[in-house]
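Under this note's numbering, the sequence shown has 20 at position 19, and the numbering climbs by one with no breaks. Even glycine gets a Cβ: it sits at the ideal position worked out from N, Cα and C. Fair warning: this is a prediction, and the values are worked out from it, not measured in the lab. First the structure, in the form of structure tokens, and then the observations on it.
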Amino acid sequence: MNQFSNPLGSVIDIIPGFVPVDMQTATNTGDGICLKNCAGVLVVAFKGAGTAGDDPKYTIYQQRNVGNTDGGAKALNVIETVWKKQGTLTAVGTWTKETQTADDDYQADATSAESQAVYAFWVPSSALDHADGYDCIRVDCADVGTHAQLGCLLYILAGLRYPTAPESLPSAIVD
2 MNQFSNPLGS
12 VIDIIPGFVP
22 VDMQTATNTG
32 DGICLKNCAG
42 VLVVAFKGAG
52 TAGDDPKYTI
62 YQQRNVGNTD
72 GGAKALNVIE
82 TVWKKQGTLT
92 AVGTWTKETQ
102 TADDDYQADA
112 TSAESQAVYA
122 FWVPSSALDH
132 ADGYDCIRVD
142 CADVGTHAQL
152 GCLLYILAGL
162 RYPTAPESLP
172 SAIVD
């Protein structure tokens, strides 16, 4: 069996960042995940159409542990390239590449609220401040405004250090 017969466990692991939620109710704090056992994580945000002006903004933090129990979360200026599919998703089959100066934030464009969208960006584990004990990340989405807009966030870990059957993978939500 080759590695692509079932990539879950042998190539990737998938962790929910936050489950589908109305993103206008408050800041949507993503769960923390540990990157000790992978080369990095593809952060994937998925959202429904909303109302003009309620454009999502995603922020990435590095942490010393998944729960940020020491309160030491700090910005991780690593978002340079964001791939997006935005519009009526049944009509958008290709990715569009957006680039920006490395930052801890990604602000979707000024007309993103009115569209369905998928945004994806890569975070290499080597970008974390390992010398100061940082080996975890979390991604938040700010309150989008005053109108309903559904969204969720997934972490897709890649370059697994210990590829195995999915049920035997080390957990990324514990240190």
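Within-7 Å CB hit, residue i to chain B
{"i": "Ala103", "result": "Considering every chain present, this structure includes no chain B. It has just one protein chain."}
Rounded straight-line distance, which links the Cα of residue j to that of residue i
{"i": "Val12", "j": "Lys37", "result": "15 Å"}
{"i": "Thr82", "j": "Gly31", "result": "20 Å"}
{"i": "Tyr163", "j": "Ala109", "result": "35 Å"}
{"i": "Thr100", "j": "Ala46", "result": "17 Å"}
{"i": "Asp176", "j": "Asp144", "result": "29 Å"}
{"i": "Asp106", "j": "Ala92", "result": "27 Å"}
{"i": "Ala27", "j": "Gly72", "result": "20 Å"}
{"i": "Trp96", "j": "Phe122", "result": "12 Å"}
{"i": "Ser172", "j": "Ser6", "result": "22 Å"}
{"i": "Asn78", "j": "Val140", "result": "12 Å"}
{"i": "Gly54", "j": "Thr165", "result": "44 Å"}
{"i": "Ala159", "j": "Asp130", "result": "19 Å"}
Residue j beta carbon less than 7 Å from that of residue i
{"i": "Leu43", "j": "Ile157", "result": "yes"}
{"i": "Asn66", "j": "Cys137", "result": "yes"}
{"i": "Ser116", "j": "Asp56", "result": "no"}
{"i": "Ala151", "j": "Cys39", "result": "The amino acid at residue 151 is misidentified as Ala; the sequence shows Leu. Not a contact, by the Cβ cut-off of 7 Å."}
{"i": "Gln63", "j": "Gly146", "result": "no"}
{"i": "Ala118", "j": "Lys48", "result": "yes"}
{"i": "Pro167", "j": "Gly41", "result": "no"}
{"i": "Ile15", "j": "Ile34", "result": "no"}
{"i": "Asp23", "j": "Ala149", "result": "yes"}
{"i": "Asn69", "j": "Cys142", "result": "no"}
{"i": "Tyr120", "j": "Lys98", "result": "no"}
DSSP bridge partner residues for residue i (one or two, in chain order)
{"i": "Val44", "result": "Phe122 and Tyr156"}
{"i": "Gln63", "result": "Lys75 and Ile138"}
{"i": "Gln117", "result": "Gly88"}
{"i": "Gln101", "result": "Paired residues: none, contrary to the question."}
{"i": "Leu9", "result": "Ile13"}
{"i": "Leu151", "result": "Asp23"}
{"i": "Cys39", "result": "Its beta-bridge partners do not exist; DSSP assigns none."}
{"i": "Val83", "result": "Glu99"}
Neighbour-count burial assignment, residue i, 16 or more Cβ in a 10 Å radius
{"i": "Tyr135", "result": "buried"}
{"i": "Met2", "result": "Legend: pLDDT at Met2 = 47, less than 50; position of this residue unreliable, value from coordinates given subsequently. With fewer than 16 Cβ atoms within 10 Å of its Cβ, Met2 is classed as exposed."}
{"i": "Val20", "result": "exposed"}
{"i": "Gly51", "result": "buried"}
{"i": "Gly94", "result": "exposed"}
{"i": "Thr60", "result": "buried"}
{"i": "Gly18", "result": "buried"}
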